[in-house]
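The first sequence begins at 0 in numbering that gives the first Met the number 0 and counts up one residue at a time. Even glycine gets a Cβ: it sits at the ideal position worked out from N, Cα and C. If you're wondering where the values come from, they're calculated on a predicted model, not measured in any experiment.
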Amino acid sequence: MSDIIDKIIEERLKRHGRIFVNKEILLPDYIPETLPHREREIRKLVEILVVGLKGERPSNILIYGLTGTGKTAVTKFVLKKLMEKAPSLGARIKYAYVNTRKVDTTYRVLASIARSLGLRIPLSGIAISEIYTRYIQALENWGGLHIIALDEIDYYVKRHGDDLLYKLVRINEDLENAKVAIIGITNDINFVDTLDPRVRSSLGEEEIVFSPYDAEQLFDILWERAQKAFVPGAVSEKIVRYCAGLAAREHGDARRALDLLRVAGEIAERQGANKVEIKHVIQASREIEYGRIYQAVSTLPLHAKLVLNAIIYLVKTKGSGTTGEIYSKYKEIAMSYGYDPLTQRRVSEIINELDMLGLATALVVNRGRYGKTKIVKIPRELLTIMEEALGET
DNA sequence: CTTCCACCGGAAGTACCGGTAA
DNA sequence: TTACCGGTACTTCCGGTGGAAG
0 MSDIIDKIIE ERLKRHGRIF VNKEILLPDY IPETLPHRER EIRKLVEILV VGLKGERPSN
60 ILIYGLTGTG KTAVTKFVLK KLMEKAPSLG ARIKYAYVNT RKVDTTYRVL ASIARSLGLR
120 IPLSGIAISE IYTRYIQALE NWGGLHIIAL DEIDYYVKRH GDDLLYKLVR INEDLENAKV
180 AIIGITNDIN FVDTLDPRVR SSLGEEEIVF SPYDAEQLFD ILWERAQKAF VPGAVSEKIV
240 RYCAGLAARE HGDARRALDL LRVAGEIAER QGANKVEIKH VIQASREIEY GRIYQAVSTL
300 PLHAKLVLNA IIYLVKTKGS GTTGEIYSKY KEIAMSYGYD PLTQRRVSEI INELDMLGLA
360 TALVVNRGRY GKTKIVKIPR ELLTIMEEAL GET
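The following block contains the structure:
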């Protein structure tokens with residue numbers, strides 16, 4: 000038994016190094032030392048924040064740009080550099096970085112901000128206003144500049160409104176000694192229109208727009224990282240160019256491109272090849288999509304799975320389904336397993352949730368005399384993956 | 001021009017859970 | 001122990017709606 004394990008480990012270790020030197024460089028949370036094609040954005044961000052080193056409060060900043068355009072990387076990069084400079088200039092600066100898509104409740108966002116000042120905040124149990132007062136207290140005692148970077152705030156605001164933002168944007172009014180500056184990062188350009196005008200004007204004191212990378216720029220980014228991540232000769236320029244091209248078609252998303260390259264490398268490694276080839280990239284692209292769907296479907300709550308089952312049935316038999324059709328099929332399925340069906344109101348919401356996860360497309364349509372409903376579809380090629388993922392329960 | 005379908009989706013409320021504080 | 005907090009996962013209620021049919 001342990002022989003087998005030893006053998007696998009040994010084999011893996013022996014193979015290690017044929018493809019990758021340092022795979023971490025291709026992971027999404029790696030911050031490289033240089034960010035090609037983002038010099039303009041970096042300069043602008045630094046120019047705004049640099050006054051913090053002189054003890055002034057920088058303007059609040061709103062950063063726009065589609066996913067994978069380097070917003071997060073640039074922000075983290077600049078903040079990190081600023082922190083390195085601060086002590087030698089005698090400036091007191093700390094920052095909080097919160098991804099409000101991962102940390103997605105008011106309590107946890109505020110807790111995470113407070114913790115970045117060194118406060119100990121429990122996972123739950125205390126009042127939000129209590130965290131706020133403790134945070135203010137800690138800020139005052141410390142008396143420096145706190146920069147709060149809120150990533151993907153559009154996501155947070157859509158779910159919880161802009162009350163927290165309103166509070167944070169005006170926090171300086173409650174402060175004597177300390178200062179707070181806010182950086183809001185969003186993928187959704189229209190998001191600002193949904194904000195309270197006061198929040199909008201305050202948060203948008205400065206704005207920075209990140210445009211998508213084109214294939215050429217993506218190539219530069221990938222190529223630079225590939226040099227460090229791979230064993231020399233393991234990836235050719237042609238392969239990197241191919242990855243860049245695929246990702247450029249998907250709105251210039253650098254994260255996608257890096258994922259693609261990394262997974263292609265992993266596949267090549269698994270197959271014992273000593274260089275990455277086009278077929279590995281093609282397989283990687285399929286594996287990433289498959290993994291995403293499988294992961295999403297298998298972690299779905301029970302009733303969402305039942306609803307998805309109902310949708311799959313309807314897509315198979317007639318191509319698409321309306322809310323009403325899905326609901327009656329869902330009810331039938333639920334009863335057959337002995338579960339109490341949820342209300343149609345809730346199922347309608349679950350359909351929206353499936354849509355947001357990218358597992359189905361729900362389009363609200365008006366069919367005149369025949370009412371208003373959602374038409375729900377699933378791309379055919381996803382059906383088998385979903386059935387596999389659902390089949391295990 | 002009006003009707004009316006088949007839902008949409010906001011608002012408010014309930015039950016429960018894991019947690020804190022005193 | 002008890003009172004309270006916020007988050008989740010729902011339910012109940014209900015006003016709202018675009019456009020084909022009449």
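Where does the unbroken alpha helix (DSSP H) through residue i begin, and where does it stop?
i, result
"Phe209", "No alpha helix (DSSP H) holds Phe209; the beta strand (DSSP E) holding it covers Glu205 to Phe209."
"Ala400", "Nothing can be reported for residue 400: it is not among the residues displayed for the chain, which extend from 0 to 392."
"Ala330", "For the sequence presented, residue 330 should be read as Lys rather than Ala. Segment Thr322 to Ser335, the alpha helix (DSSP H) holding Lys330."
"Gly394", "This structure cannot settle anything about residue 394, because the visible part of the chain is limited to 0 through 392."
"Arg114", "Thr105 to Arg114"
Judging by CA-CA distance, which residue of the options is the nearest neighbour of residue i?
i, options, result
"Thr74", "Glu151, Leu259, Ile3 and Arg17", "Glu151"
"Arg119", "Thr104, Ala137, Phe209 and Gly160", "Ala137"
"Val108", "Asn140, Gly367, Thr321 and Tyr155", "Tyr155"
"Gly271", "Leu301, Asp2, Arg17 and Gln282", "Arg17"
"His250", "Pro57, Glu55, Gly64 and Leu52", "Gly64"
"Asp219", "Arg368, Ser201 and Gly244", "Gly244"
"Lys376", "Leu163, Val306, Arg91 and Asp252", "Val306"
"Ala225", "Glu236, Ala180 and Arg199", "Glu236"
"Arg100", "Thr185, Leu221, Ala214 and Leu217", "Thr185"
According to DSSP, is residue i helix, strand or coil?
i, result
"Val302", "Checking the sequence shown, residue 302 turns out to be His, not Val. DSSP places His302 in helix when its eight states are reduced to three."
"Tyr29", "coil"
"Asp153", "helix"
"Thr185", "strand"
"Asn308", "helix"
"Val179", "strand"
"Tyr289", "helix"
"Leu362", "strand"
"Leu313", "helix"
"Leu65", "coil"
"Val234", "coil"
"Leu144", "strand"
Buried or exposed, going by whether 16 or more other CB atoms sit within 10 Å of the CB of residue i?
i, result
"Ala126", "exposed"
"Thr316", "exposed"
"Tyr326", "buried"
"Tyr329", "buried"
"Met385", "buried"
"Arg248", "exposed"
"Lys6", "exposed"
Where do the N-terminal and C-terminal ends of the beta strand (DSSP E) with residue i fall, by residue?
i, result
"Tyr394", "Past the edges of the chain, shown from 0 to 392, lies residue 394, and the structure says nothing about it."
"Gly124", "Neither: Gly124 is in no beta strand (DSSP E) and is coded neither H nor E."
"Thr372", "Lys371 to Lys376"
Can you find a heavy atom of the ligand NAD that lies under 6 Å from the Cβ of residue i?
i, result
"Lys237", "Annotation note on the ligand NAD: not contained in the displayed structure, which lists no ligands."
Inset, instruction - Give a yes or no on contact between the segment 228-238 and the segment 182-199, applying the rule of three or more CB pairs nearer than 8 Å. - result: no
Legend entry - Segment contact flag, the segment 30-40 with the segment 251-267, C-beta cutoff 8 Å, min 3 pairs: no
Inset, instruction - May I ask you to verify whether the segment 362-381 touches the segment 314-331, counting CB pairs closer than 8 Å and requiring at least 3? - result: yes
Legend entry - Contact the segment 274-282 vs the segment 348-367: 3+ CB pairs below 8 Å: no
Inset, instruction - Check whether the segment 48-59 touches the segment 199-207, counting contact only when three or more Cβ pairs, one atom from each stretch, lie closer than 8 Å. - result: yes
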